[in-house]
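In this note's numbering, the protein residues as written are 185 to 471.
Idealized CB from N, CA, C, for every residue including glycine.
Structure record follows, encoded as structure tokens.
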Amino acid sequence: MADVDTVVVATTPEASTAAVDAATMRMIIDYGSQALLAILVLVVGWILSRWLGAFVAKRMERITHGDVTLASVFGRVIRVTGLILTILVVLSQFGVQTTTLVAVLGAAGLTIGLALQGTLSNVAAGVMLIIFRPFKVGDVIDAGGALGKVLDIGLFITQLNTPDNVRIYLPNSTIWGNQIKNIVANDTRRLDLIFSISYGDDMDKAKAIAKDILAADARILADPAPTIVIGELGDSSVNLFVRPWVKTAEYWDVKWTMIQAIKKAFDERGITIPFPQRDVHLFQASK
């Protein structure tokens, strides 16, 4: 049998260190390139998501003829969806199984949903507000115990600005679960004014004065015609109901003008506006 020579290669500590350093450098380069690629994908995805969301919002605003409510919601949905897809792509670059991640997120979402039922009710109410659209951004509403101009309709809250310029944040469930009054939904509104006159005054004269005041103001609409009637007999006065129709945008200006003008005309023509009075009789008990 022939002898087999065995060759033994001796390695020095310096060679081993060099090999380890080379392997470490390759690993750093590999992970570094992946990290840079992930950052690049995140940045590009974030920019594209914002651009696409803004583009869709503008297109929806044109399609809906200036309705910024639906346009804003669609834009946000597109932007959030794009960000989620970008994150999934980045995770897949690092070998993360996105299908497993989606399943885990679904289970976590179910658990969080059960714990945050009140918050999800706001989301459901927000969806209903967007679908049925009882009001839109820019409308003046009375809902959830607040009166103001709608600034934004989100999935969780709706923002209002009150007439005295106070910002109010209302949970959507509070709005959807109560009565909603859209003040500017119609082009015209009726003014409901009540003037109290004395029982001794001429009722027909008071009605004629109110009719003349209304006829002199061009902002009072002729159709429907104003209503001027004796509405009720109070404890100390006869109540005159004056109900003209005006444009919604001029409602408050006309109301304040009519109150002052009719009161001034009553004073000038001898129609008195009584105030509650009470007679007190004192009896002295005999000794």
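Return yes when the Cβ of F340 is within less than 8 Å of the Cβ of N356, no when it is not. yes
How far does the alpha helix (DSSP H) with I446 in it extend, from its first residue to its last? Y435 to E452
Mapping DSSP to helix, strand and coil, what is G415? strand
Endpoints, alpha helix (DSSP H) assigned at K395: M387 to A399
What are the partner residues of S256, as DSSP defines its beta bridges? Answer by DSSP bridge pairing: none, since S256 is not bridged.
Just how far apart, CA to CA, sit I397 and D323? 31 Å
Which one or two residues does DSSP pair with W429 in a beta bridge? R374
What does a CB cutoff of less than 6 Å around V368 pick up in its chain, not counting 5 residues either side in sequence? D323, V324 and T432
Taking just the CA atoms, how far does P347 sit from K389? 37 Å
DSSP bridge partner residues for S380 (one or two, in chain order): N423
Any idea what DSSP makes of F330, helix, strand or coil? In the sequence as presented, Phe is not what sits at residue 330; that position holds Ala. Three-state DSSP puts A330 in a strand.
Taking the Cβ atom as the reference point for each residue, do R351 and Q343 lie within a distance shorter than 8 Å? yes
Buried/exposed call for K242, threshold 16 Cβ in 10 Å: exposed
Exposure label - S421; buried when at least 16 CB within 10 Å: buried
Rounded to the nearest angstrom, what separates D326 and D451 at their Cα positions? 36 Å
For V273, which residues of its own chain have a beta-carbon under 8 Å away from its beta-carbon, when the five flanking residues on both sides are left out? V225 and G229
Could you check whether the Cβ of I271 sits closer than 7 Å to any heavy atom belonging to the ligand FAD? Absence of the ligand FAD is noted for the structure shown, with no ligands found whatsoever.
Straight-line Cα distance separating T358 from P318: 14 Å
Cβ neighbours of G415 in the same chain (closer than 8 Å, five flanking residues each side left out): I378, N423, L424 and F425
Please check the pair A394 and I337, which I expect to be a contact at CB under 8 Å, by giving their CB distance rounded to whole angstroms. Going by Cβ atoms, the distance from A394 to I337 rounds to 41 Å, so no, they are not a contact pair.
State the beta-bridge partners of K365 as determined by DSSP. D326
For I359, report the span of its alpha helix (DSSP H) as first-last. N356 to W360
Are the C-beta of V311 and some C-beta of chain B separated by less than 8 Å? Of the chains in the structure shown, none is chain B; there is only one protein chain.
Work out the CA separation of L313 and N306 for me, nearest whole Å. 10 Å
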